[in-house]
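Some notes on the structure that comes next.
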Amino acid sequence: MVMRTIAIFLALTLFVRNAPAQAATDKPLPDIPSLLRDVEANQRKAEAVEKDYIYHSVLTEEHLDSRGNVKKRTTTEADHFWLNGVPVMRVVKKDGRPLSADELAKEDRKIDSEAAKARDRRAHADSSGKETGPHGEDEVTVSRLLELGKFTNPRRVQINGRDTIAVDFTGDPTAKTRNRLEDMIHDLAGTAWIDEQDHVLARTEGRFTNTFKVGFGLVANIRQGTHFTAQWTKVNDEVWLLANAEGEGSARVLLFWNFDGRATVSDSDYRKFRATSTVLPATASPSTPSPPIGHSPQHQP
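When the letters of the sequence shown are read in order and numbered with the numbering used here, they come out as residues 175 to 475.
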């Protein structure tokens, strides 16, 4: 989840102010600031559509020793869906072993608790006029992003036969920040590929150019060189959803998460459901497993 959050965070930071002129023989680039404002607007629209989907993820983590050899490998499988306006994940299998009935019940209680906390955070932020994400986390507006980074080298690149506009990003270490999310931008650099037809993110790559620390490293510590990629796929010809992500490096958040190695996550089995709890197959995936036990589609808004 941390890797997914970082990947999606980078996606929200890639907004451009200045585009160099194209050669006369090239197909003209679209207006870059307008294109990327569309990306932000379409991301918000996609969240509304995504609430109608359930999908399955497989996370593989490889912990490395000092020589780079794998000393431990774990896999976690989970179903992702929206519960009362909050995106949640329900773990169903660990290291190939399905969770027991008691473990699944514990997962359900955890989901209910986390979703309630997210709604409370959002309500508190709304009352103060603060804009937040689906979990009530900090968000960075377009105007702020334009002040927090340097943007260069927009160009046209094809991905899977589709035209995309690639844009490089580097955080500006001299920019003044307002929260920890903005602090992370100082130490990020990467590239985003924006689907030119749909004005959505198709791929991102990023890396931490410096070691990022919170509370002198006691709260959070992400080592310099930690890098990641993420790629989205178009589902049912209506919404782009995360298809896979990869990361390698070292990160620690309090005592809850400590990782030094490689991690990959693959999302699949996108299923669209209706309020009647009928689950429909998505064109991006032919398989249609059952919806999560305990939190079935009819619970979704």
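Using N, Cα and C, we set each Cβ at its ideal position, and we do this for glycine too.
Cut-off 8 Å between Cβ atoms - residues of its own chain near residue 437, not counting five sequence neighbours on either side: Reading the sequence shown from its first residue, position 263 is the one you call residue 437. Counting only Cβ-Cβ distances below 8 Å, and skipping sequence neighbours, we find 177, 233, 234, 235, 236, 420, 421, 422.
From what residue to what residue does the alpha helix (DSSP H) around residue 216 run? Residue numbering aside, residue 216 sits at position 42 when the sequence shown is read from its first letter. 206-224 is the span of the alpha helix (DSSP H), which, as asked, contains residue 216.
Give the straight-line distance between the Cα atoms of residue 250 and residue 267, rounded to the nearest whole angstrom. The residue given as residue 250 occupies position 76 in the sequence shown. The residue given as residue 267 occupies position 93 in the sequence shown. A direct Cα-to-Cα measurement between residue 250 and residue 267 gives close to 6 Å.
In the DSSP assignment, find the alpha helix (DSSP H) that holds residue 349 and state where it starts and stops. Position 175 of the sequence shown, counted from the first residue, corresponds to residue 349. For residue 349, no alpha helix (DSSP H) segment is defined, and its DSSP state is neither H nor E.
When you compare the CB positions of residue 209 and residue 339, do they come within less than 8 Å of one another, or not? Here residue 209 is taken as the residue at index 35 of the sequence shown, counted from 1. Here residue 339 is taken as the residue at index 165 of the sequence shown, counted from 1. For residue 209 and residue 339, yes; Cβs fall inside 8 Å.
For residue 379, count neighbouring Cβ atoms within 10 angstroms of its own Cβ and tell me buried if that reaches 16, exposed if not. Walking along the sequence shown from the start, residue 379 turns up at place 205. In summary, residue 379 is buried, with 16 or more beta-carbon neighbours lying within 10 Å of its beta-carbon over all protein chains present.
Checking the sheet assignment: what are the DSSP bridge partners for residue 405? Working through the sequence shown from its first residue, we reach residue 405 at position 231. Bridge partners of residue 405: 377, 418.
Under a three-way DSSP split, which group does residue 273 fall into? Reading the sequence shown from its first residue, position 99 is the one you call residue 273. Three-state DSSP puts residue 273 in coil, outside helix and strand.
With DSSP as the reference, label residue 329 as helix, strand or coil. Within the sequence shown, numbered from 1, the residue matching residue 329 stands at position 155. DSSP places residue 329 within a strand segment (E or B) once states are collapsed to three.
Would you say residue 369 faces chain D, with C-beta separation under 8 Å as the test? Looking at the structure shown, chain D is missing, and only one protein chain is on hand.
Tell me whether residue 403 is buried or exposed, calling it buried when 16 or more other Cβ atoms sit within 10 Å of its Cβ. If you number the sequence shown from 1, residue 403 lands on position 229. Flag for residue 403 reads buried.
Using the C-alpha atoms, what's the distance from residue 434 back to residue 244? In the sequence shown, counting from the first residue as 1, residue 244 sits at position 70. In the sequence shown, counting from the first residue as 1, residue 434 sits at position 260. Each residue's Cα considered, the two are about 10 Å apart.
So residue 401 and residue 377 are in contact, right, with Cβ under 8 Å, and what is the actual spacing, rounded? Along the sequence shown, read from residue 1 onward, the residue named residue 401 stands at position 227. Along the sequence shown, read from residue 1 onward, the residue named residue 377 stands at position 203. Cβ-Cβ separation between residue 401 and residue 377: approximately 14 Å, too far for a contact (criterion under 8 Å).
Given a threshold of 16 other Cβ atoms within 10 Å of its Cβ, counted over all protein chains shown, does residue 302 qualify as buried or as exposed? Within the sequence shown, the letter at position 128 stands for residue 302. It counts as exposed.
Simplified DSSP assignment, three categories, for residue 298: Walking along the sequence shown from the start, residue 298 turns up at place 124. In the three-state reduction of the DSSP assignment, residue 298 falls in the helix class.
Roughly how many whole angstroms lie between the Cα atoms of residue 346 and residue 324? As a working mapping, residue 346 is identified with position 172 in the sequence shown. As a working mapping, residue 324 is identified with position 150 in the sequence shown. The alpha-carbon atoms of residue 346 and residue 324 are separated by roughly 6 Å.
Quick one: residues in its chain with C-beta nearer than 8 Å to the C-beta of residue 336, no 5 flanking neighbours on either side, listed in chain order? Here residue 336 refers to the residue found at position 162 of the sequence shown. Counting only Cβ-Cβ distances below 8 Å, and skipping sequence neighbours, we find 369, 370, 371, 376.
Compare the Cα-Cα distances from residue 280 to each of 293, 264, 292, 415 and report the closest residue. The residue given as residue 280 occupies position 106 in the sequence shown. The shortest Cα separation from residue 280 among 293, 264, 292, 415 belongs to 264.
Between the CA atoms of residue 358 and residue 408 - distance to the nearest angstrom: In the sequence shown, the residue the question calls residue 408 occupies position 234. In the sequence shown, the residue the question calls residue 358 occupies position 184. Distance between the alpha carbons of residue 408 and residue 358: 29 Å.
Minimum C-alpha distance to residue 439 - residue among 229, 353, 223, 204: The residue given as residue 439 occupies position 265 in the sequence shown. With distances taken between CA atoms, residue 439 lies nearest to 229 out of 229, 353, 223, 204.
Exposed or buried, which one is residue 307 when buried takes at least 16 other CB atoms within 10 Å? Residue mapping note: residue 307 aligns to position 133 of the sequence shown, counting from 1. With 16 or more Cβ atoms within 10 Å of its Cβ, residue 307 is classed as buried.
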